[in-house]
Amino acid sequence: MTSGTEGDRPDNAKPEPQPRGARHNGNRPIDQAEAAERFLAAPRHQQQHDTRLWTLRQRRDDQMWAMPEWEEMRSLASAIKEHTLSHLDTYLEMFEANAKANGVVVHWAKDAAEHNAIVVDLLQRRGAKTLIKSKSMLTEECGLRADLAKAGVEVVETDLGERIQQLDDEDPSHVVVPAVHKLRTDVAMVFASTIGSDPNNDDPPYLAGAQRDATRPLILNAGAGMTGANFLVAETGAVVVCTNEGNADLCANIPRLHIVSVGIEKLIPRTEDLAIFVRMLSRSALGSPITQYTSHFRGPRKGGEMHVVLVDNGRSERLGMEEFWTSLKCIRCGACMNTCPVYRRSGGLSYGATYSGPIGLIIDPTFNARKYSNLPFASTLNGSCTNVCPVKINIHEQIYAWRKVLVRQHETPFVKRAAMKAAGALFARPAVYRTAVERTNDALASLSRFAIYNGLNAWGKNREMPHPPAETFHQWYFRNRGGRP
Amino acid sequence: MSSRDIILASIRANLPKLERSLPAVPKFEENAPADLVEAFGKTLTRMGGRLVTDPTDDLRVTVRGLLEDSRLVCSAAPEIEGELDVAAVADPRVLADVDHAVVRACCGVAETGSVLLTDVDLKVNALAYLAQHLIVLLDPADIVVNIHSAYARPEFRERRYAVFHSGPSATADIEGVLILGAQGVRSLSVLLVPRNPIGFDQAQGARPVQRLV
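Quick mapping for you: the protein sequence lines, in order, are chains A and B.
When we follow this note's numbering, the leftmost residue of the first sequence carries the number 576, and every step to the right adds one.
When we follow this note's numbering, the leftmost residue of the second sequence carries the number 171, and every step to the right adds one.
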């Protein structure tokens, strides 16, 4: 953890309003491109976001080069995950038996509704009115906060980024840095109207301090604490949580009740396997050798209670999807998001889903193939996500595979289908294709900017088209090698 | 059918059809640094922690030098007695006013600059998070090469709570600006002190305890 890029802005400039995320319209497909355009139209936000995430990517690279065993570790991580997932029933039962023997109560939840009901019941039976929480993508996926509000329980997120997002009534935009799309001016406005900080002071240390002071009494008076889990170790029954703020340890170690919400795919067999993942997680995520805190909870404190809720919510079904099951290897490091040119320039909220960026493109359609039918198209298929993935998920290939599935299921809009059909016809006839390429190059060279950069050409949006070559490869080959055109 | 049985049945029906054996995990100790203490200190500093390598002969003096204007010191380390007896604390909230906490680590990790603390060392787990500053006593002989070597230790099978601290509580959630003291301790100082300093046992009995104040 070292300091990152600071969003420079002239002192006298007015704050740029924060672009908001994708618009939701029931089950209608999310229009990621529309939300991305609004993000691109906010240059200070866009630049800070792009630079910050690219800095994380570069720091990750520094860590990788400093570790000669990096590629061997990736192969081991992938093999351990594939082994565990293909014996998941056995390892879940082993974890359950060991956790129980350690004094932990283990619950099983088929879906989000059952998970939330279990948590509500645990809290209500103990009269807990406030729940302090560390960051968990699973509880976002389950919509836990809304169900707890209905049950009269106040939730306090304790991760700074997650707390900013909660107070702004906005989803996290990134799995590791939830408020990375916000500028300090946005945070100052949110805190001024919620925790009463000075609206004219957007100094990050001041803002973080104000949040620390406002949250500390809530932590001390909470009725229960909740954490997620990065890993579950089957052979010891350990729940492993990685944070930089130490907030998971506050949530777990102060109230009497500690609830752990965790997806069933987080299992690994042995403590020695854990070493591989702990060494790679923060290096991949933030480019630091380890998170500030790596905590192993094996049982309740003296006089306390520890409950683990194992959540399926579609994961067991995903295990049976031949092309997509390896997405369950994901350890939520966010490296694929940091490297993705589309993500860096459009912001995580443009995806309108719990999981954004490349990993989101291949997970979200398993939750709702119609609503997230556009997402697998928000990619250039450059493969960088696959290259940085510490557990070797073939992300870009799965994105492409999802496109095929969604087109087959007619979950793509008419314009995209028509364009693809026309392209298909073109690529099927080589002579027609060559003529088309020659004409396009001529056209690109001679057309006015308006003719190229208009709303109908998606490739001309927010980027320059490549300079057309003087001649096509076929023309060059014919001229130089005398072949048949 | 219980949810447990439904989930396990669904997993069994969907298990990927492939045979992947569980690989052996090497220790990766071939490239170990020659000087573990130096490597540990370098990474700890990078993580925002502070290594105190030059303790005086008197542990009390060295620890006092780290306290600055501390109002309340609480120690869980056997060698040091603070103002608040942590072993007698039943409700962790009592520790909310502690300025400095002192604790002895099981081991250090050169690769990551981490110290390993457990429920047995802390007596009350929250001590390491509610205190404003944390001072950790570490025997240089307890520093291991990397995370692999650390996970071979028995604490991960025996203790209810075990945690690597690698620097103080930190966040970079606002525009990537690093801030120390996000929710937990504002500083972490690691003091290199052997477990049984020569002379202590003879002079003060089996468990040398030093009153700080």
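Note that the Cβ used here is the ideal one computed from N, Cα and C, for glycine as well.
Annotated three-state conformation of Arg893 (chain A) is helix, per DSSP. Thr790 (chain A) is not a Cβ neighbour of Thr866 (chain A), given a cutoff of 8 Å. Straight across, the Cα-Cα distance linking Lys187 (chain B) with Ser661 (chain A) is about 7 Å. Look at the beta carbons and you see the stretch 637 to 649 of chain A not touching the stretch 936 to 952 of chain A: under three pairs across the two are nearer than 8 Å. Contact annotation: the stretch 657 to 675 of chain A does not touch the stretch 784 to 801 of chain A, with fewer than three C-beta pairs closer than 8 Å. Residue state for Asp228 (chain B) is assigned as coil, using DSSP reduced to three classes. Here the stretch 855 to 874 of chain A lies against the stretch 320 to 334 of chain B, with 3 or more beta-carbon pairs under 8 Å apart. In this chain, the alpha helix (DSSP H) harbouring Ser319 (chain B) covers Ile317 to Tyr321. A Cβ-Cβ contact shorter than 8 Å links Met764 (chain A) with Pro774 (chain A).
By the CB criterion at 8 Å, Val315 (chain B) and Leu229 (chain B) fall outside the cutoff. Contact annotation for Tyr666 (chain A) against chain B: no contact, minimum CB-CB distance about 10 Å [criterion: below 8 Å]. Out of A:Asn949, A:Asn913 and A:Lys757, the CA that lies nearest to the CA of Asp343 (chain B) is found in A:Lys757. For Arg274 (chain B), the beta-bridge partners assigned by DSSP are B:Leu307.
Remark: C-beta atoms of Ala597 (chain A) and Ser925 (chain A) approach each other more closely than 8 Å.
For the stretch 868 to 888 of chain A, residues whose beta-carbon sits nearer than 8 Å to a beta-carbon of chain B comprise Tyr868, Thr869, Ser870, His871, Phe872, Arg873, Gly874, Pro875, Arg876, Gly878, Leu885 and Asp887. At a cut-off of 8 Å between beta-carbon atoms, Asn819 (chain A) makes contact with chain B. The beta carbon of Glu732 (chain A) does not come within 8 Å of any beta carbon belonging to chain B, so the residue lies off that interface. The stretch 976 to 985 of chain A makes contact with the stretch 943 to 951 of chain A: 3 or more CB pairs, one atom from each, lie closer than 8 Å. In the DSSP assignment, Lys979 (chain A) falls outside any beta strand (DSSP E) and lies within the alpha helix (DSSP H) extending over Ile970 to Arg983. Residue pairing of Lys708 (chain A) in beta bridges, as defined by DSSP: A:Glu732 and A:Met801. Taken in chain order, the members of the stretch 326 to 343 of chain B whose beta-carbon sits within less than 8 Å of a beta-carbon on chain A are Phe326, Arg327, Arg329, Arg330, Tyr331, Ala332, Val333, Phe334, His335, Ser336, Gly337, Pro338, Ser339, Ala340, Thr341, Ala342 and Asp343. One Cα belongs to Thr223 (chain B), the other to Glu208 (chain B), and the distance between them is close to 10 Å. In the three-state DSSP reduction, Met881 (chain A) falls in the strand class (E or B).
Around Asn691 (chain A), the same chain offers Cys717, Gly718, Leu719, Asp722 and Leu723 as residues with beta carbons nearer than 8 Å, after the five sequence neighbours per side are excluded.
At the C-beta level, Val966 (chain A) and Ser653 (chain A) come within 8 Å of one another. Contact annotation: Arg635 (chain A) and Ser891 (chain A) have beta-carbon atoms that are not nearer than 8 Å.
Here the alpha carbon of Ala827 (chain A) sits roughly 38 Å from the alpha carbon of Glu189 (chain B).
For Trp640 (chain A), the nearest beta carbon of chain B is not closer than 8 Å to its own beta carbon. Between the alpha carbons of Glu281 (chain B) and Lys197 (chain B) lies a distance of about 12 Å.
Nearest CB-CB separation between Ile250 (chain B) and chain A: not below the 8 Å threshold. Of the other Cβ atoms in all chains shown, fewer than 16 fall within 10 Å of the Cβ of Arg182 (chain B); this residue is therefore exposed. Taking Ser245 (chain B) as the centre and dropping the five residues before and after it, the same chain places the C-beta of Glu251, Gly252, Val256, Ala271, Val272, Val273 and Leu382 closer than 8 Å to its C-beta, in chain order.
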